[in-house]
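The structure appears below as structure tokens.
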Amino acid sequence: LAKTTQPISMDSYEGQEVNITCSHNNIATNDYITWYQQFPSQGPRFIIQGYKTKVTNEVASLFIPADRKSSTLSLPRVSLSDTAVYYCLVGGLFGGYQKVTFGTGTKLQVIP
Amino acid sequence: DAGVIQSPRHEVTEMGQEVTLRCKPISGHDYLFWYRQTMMRGLELLIYFNNNVPIDDSGMPEDRFSAKMPNASFSTLKIQPSEPRDSAVYFCASKPGGPTEAFFGQGTRLTVV
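Protein sequence lines, in the order shown, are assigned to chains X and B. For the first sequence, my numbering begins at 13 and goes up steadily by one. For the second sequence, my numbering begins at 330 and goes up steadily by one.
Right, dumping it as structure tokens:
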């Protein structure tokens, strides 16, 4: 499994765009990049997933450069309710089985 | 679907007692995962199943921990005997095959005193 590195914490003011970058230098050809969000006292929740270039949904955008060694989760105009821990995961079908392993995550604090 | 259902939501037990955590995955999901979350160690994968078969239990901390999946709709994680250092939030998650998202339950907060 590719190891991921992301900042431990970030602060942002309400209404600003937040970009969280994740490094995954040894990503494999068949790996996907997935981001989860976790609020206190809740289980992680899927945000977005991508393989290359750019993916956008109603919640966030995911930017993946051509070499795929990093990815950036972009949250537009954050609000206080976006305060959470954000996890970057890399993995996919491998040898016929799958494994979802979390890194340390980035704790995002949105400030009024 | 009601999502992944875990029970109990909270468990307080005395050291040395047996603890059983339960999980009902989303119907039709092929994979089931058990995680443990603590402040010190974050989210740790303990074990996962594919089609009810344990595939990787390398994350199970020691022999006091065991997990079973007798059918596609039920799994248990048992700790016997429990110790204070087992105190954590235990999450169950399930997912279909393919590069798809995993769905997590609300977790069981275990406190061993």
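Beta carbons are placed, not taken as given, at the ideal position from N, Cα and C, and that holds for glycine.
| Asked | Found |
| --- | --- |
| Alpha-carbon spacing of Ser35 of chain X relative to Phe114 of chain X, whole angstroms | 14 Å |
| Residues sharing a beta bridge with Pro383 of chain B, DSSP | B:Phe378 |
| Exposure of Phe378 of chain B, with buried meaning 16 or more beta-carbon neighbours within 10 Å | buried |
| Same chain only: Cβ atoms within 7 Å of Tyr109 of chain X, ignoring 5 sequence neighbours per side | In this predicted model, Tyr109 of chain X has a pLDDT of only 46, less than 50, meaning its place in the structure is not dependable; the value taken from the coordinates is given anyway. Within the same chain, Tyr109 of chain X has no close Cβ partners at all. |
| Inter-residue spacing [alpha-carbon to alpha-carbon] between Phe106 of chain X and Leu439 of chain B | Per-residue confidence for Phe106 of chain X stands at a pLDDT of 42, beneath the threshold of 50, marking its modelled position as unreliable; no derived number is given. |
| Below-8 Å beta-carbon distance, Gly357 of chain B vs any chain X residue | no |
| Cβ neighbour criterion (16 or more within 10 Å) applied to Gln346 of chain B | exposed |
| Which listed residue (X:Lys81, X:Thr46, X:Arg57, X:Asp79) has its alpha carbon closest to that of Val67 of chain X | X:Thr46 |
| C-alpha distance - Leu87 of chain X paired with Lys407 of chain B, whole-angstrom precision | 39 Å |
| Cβ pair Phe362 of chain B, Leu374 of chain B closer than 8 Å | yes |
| Through-space distance from Lys424 of chain B to Ser336 of chain B, alpha-carbon basis | 19 Å |
| Cβ-Cβ distance between Pro354 of chain B and Val341 of chain B below 8 Å | no |
| Contacting positions in the region 418-441 of chain B - beta carbon closer than 9 Å to chain X | Val418, Phe420, Cys421, Ala422, Lys424, Gly426, Gly427, Pro428, Thr429, Glu430, Ala431, Phe432, Phe433, Gly434, Gln435, Gly436, Arg438 |
| Neighbourhood of Ala431 of chain B by C-beta distance below 6 Å, restricted to the same chain and skipping five residues each side | Ala422, Lys424 |
| Cα-Cα separation, Asp415 of chain B to Thr405 of chain B | 16 Å |
| Contact list for Leu372 of chain B against chain X, beta-carbon separation under 7 Å | Phe114 |
| Environment of Met369 of chain B [buried if 16+ CB atoms lie within 10 Å] | exposed |
| Residues bridged to Glu340 of chain B [DSSP beta-bridge criterion] | B:Leu439 |
| Residues that DSSP places opposite Ser83 of chain X in a beta bridge | X:Cys34 |
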